[in-house]
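Asks: Numbering (the numbering used here), first residue to last: -13 to 286.
Right, I'll just put the structure down here and ask away after.
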Amino acid sequence: MHPLVPPFLSQALTARYGAEMAEEICAGFLTRRPVTFRINTLKATAEEADAALAEAGVAVRPVPWYGDARIADGALERDLQALPLYTEGKIYLQSLSAMVPALLMPLEGSPSVLDMCAAPGGKSTQMAALSGGSISLTCCERDALRAQRLRHNLALQGAGRAVVMNTDARRLDPLFRFDAILLDAPCTGSGTLVLDGSQPPRRMEPAWVSKTVATQKALMKRALQALRPGGTLVYATCSILREENEEVVQTALDAGARLLPVDPAWESRLPTLPVSLPGCLCIRPTGLYEGFFAARLQKQ
Ligand code: SAM
């Protein structure tokens, strides 16, 4: 295993996926991924954005499973951030894996949606765009500075009607009820390790994982309380550890929720890892994708 991979993580990945797959996962951590982004259809059409990119000399390629997503192989983030398209909120830089959870949300029919851990707003703004601005969106964020960033991004992306609550989602008023909830939980980020030398090594110890899992389980419990019966909850993390993923989902199943299997078509679109709960989706870190997990649940 590469020496920069934290020993706890390399042991956990080897125990979970076997030595060969653990090596492949680590190879994914070592590659520098291209810049990817989403066209914000609340503010620009794909044609308009593609034309502006071509004029600016930024070569992009499409993403087969998402018409609004683009890959800019030769560009740096700062190249895109300098474009009017970016400063005017017509595109949003986002990893491809991070675009998946919002695509699993039921957004038809103007539902009331809670984005429970929302900053900086990548998935909130994506859900607003996917629904053409028709959902009634509440965004919760515990951290005050990050909540400010969230408000800024929602306004810039044309989703300014969303309500932002700067609060700990575990303490949401018990009277709230939503048709659909996205719980993009705080996690260890074990799927998004960058070991190309551009970032300092990340802390990764068992005690931290346990603390994170306790928060995730508390957020899951609160999410199920805030969901109306029959409503859908999408649980997502950028971790590839079972403790943070299937084991948290299992607590929801134990509490009576039903797993709504993710469309098997996703398995053929994305590089995946085996899951211990069939119907969940775990994306394998590669040169294009970050590691990510998503599951859909329905409250009975
Ligand atoms: N969904 C966001 C996006 O797509 O841009 C990313 C969310 S990030 C994975 C998790 C966020 O949850 C962080 O901004 C963190 O500050 C926030 N958070 C952590 N614990 C929280 C809690 N108990 N209640 C609300 N927000 C929380």
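All C-beta atoms in this analysis are idealised placements derived from N, C-alpha and C, irrespective of residue type, glycine included.
(1) Ser83 and Leu256 - do their beta-carbons sit closer together than 9 Å?
(2) Taking C-beta to C-beta, are Thr174 and Glu276 nearer than 9 Å?
(3) Quick check on Lys197: buried or exposed, where buried means 16 or more other Cβ atoms within 10 Å of its Cβ?
(4) Is Pro218 helix, strand or coil by DSSP?
(5) Flag Glu253 as yes when its Cβ comes closer than 8 Å to any non-hydrogen atom of ligand 1, and as no otherwise.
(6) Going by alpha carbons, who is nearest to Gly242 out of Met(-13), Met206, Gly265, Gly75?
(7) Using 9 Å as the limit for Cβ to Cβ distance, is Arg18 near chain D?
(8) Using alpha carbons as the reference points, say which of Trp51, Phe23, Arg282 lies closest to Leu39.
(9) Measuring CB atoms only, is the segment 46 to 54 touching the segment -12 to -4, in the sense that at least three cross pairs come out at less than 8 Å?
(10) Am I right that Asn231 and Phe279 are in contact with their C-beta atoms under 8 Å? What's the rounded C-beta distance?
(11) In the segment 91 to 140, which residue ranges form an unbroken beta strand (DSSP E) of at least 3 residues, counting only runs that do not cross its ends?
(12) Hey, quick one: how far does the beta strand (DSSP E) through Arg282 stretch, first residue to last?
(13) Go through the segment 14 to 88 residue by residue and report every complete run of the alpha helix (DSSP H) that reaches 4 residues or more, in order.
(14) Could you check the C-alpha separation between Pro32 and Asn26 for me, to the nearest Å?
(15) Is it buried or exposed for Asp182, if we count other Cβ within 10 angstroms and need 16 for buried?
(16) Ordered along the chain, which non-local residues of its own chain (more than five positions away) have a Cβ less than 7 Å from that of Pro87?
(17) Would the C-beta of Pro172 count as close to ligand 1, meaning under 8 Å from any of its heavy atoms?
(18) Pick helix, strand or coil for Val199, following the three-state DSSP scheme.
(19) Verify the contact flag: Thr201, CB atom, against every heavy atom of ligand 1, threshold strictly below 8 Å.
(20) Which two residues bound the contiguous alpha helix (DSSP H) that contains Leu(-1)?
(21) Let's see if you can read the secondary structure: which residues bound the alpha helix (DSSP H) around Leu239?
(22) Using CA atoms only, rank isn't needed, just tell me which of Ala114, Cys103, Met102, Ser120 is closest to Ser96.
(23) Work out the CA separation of Val199 and Glu229 for me, nearest whole Å.
Replies: The answer reads as follows:
(1) The answer is yes: Cβ separation under 9 Å.
(2) At least 9 Å separates the beta-carbon of Thr174 from that of Glu276.
(3) Lys197 should be labelled exposed.
(4) A quick correction: the sequence has Thr, not Pro, at residue 218. Three-state result, Thr218: strand.
(5) Outside the cutoff, so no.
(6) Closest in C-alpha terms to Gly242, from the list Met(-13), Met206, Gly265, Gly75, comes Met206.
(7) Absent here is chain D; the protein component of the structure consists of one chain.
(8) For Leu39, the closest C-alpha among the options Trp51, Phe23, Arg282 is that of Phe23.
(9) The segment 46 to 54 vs the segment -12 to -4: no contact.
(10) Yes, Asn231 and Phe279 are in contact; Cβ-Cβ is about 4 Å, under 8 Å.
(11) List check, beta strand (DSSP E) in window: 98 to 101, 122 to 127.
(12) Looking at the DSSP string, the run of the beta strand (DSSP E) that includes Arg282 is 278 to 284.
(13) If we require 4 residues or more, the alpha helix (DSSP H) runs fully inside the segment 14 to 88 come out as 32 to 41, 63 to 67, 70 to 73.
(14) The identity of residue 32 in the sequence shown is Ala, whereas the question assumes Pro. C-alpha of Ala32 to C-alpha of Asn26: approximately 8 Å in a straight line.
(15) Burial call: exposed.
(16) The residues are Lys109, Leu168, Asp170, Val220, Ala222, Ala280.
(17) True, at least one ligand heavy atom lies under 8 Å from that Cβ.
(18) Shown here, Val199 sits in a helix according to DSSP, grouped into three states.
(19) For Thr201, the CB falls within less than 8 Å of some heavy atom of ligand 1.
(20) Run containing Leu(-1): -7 to 3, per the alpha helix (DSSP H) assignment.
(21) Counting along the chain, the alpha helix (DSSP H) containing Leu239 begins and ends at 232 to 240.
(22) The shortest Cα separation from Ser96 among Ala114, Cys103, Met102, Ser120 belongs to Ser120.
(23) Straight through space, the alpha carbons of Val199 and Glu229 are spaced by roughly 7 Å.
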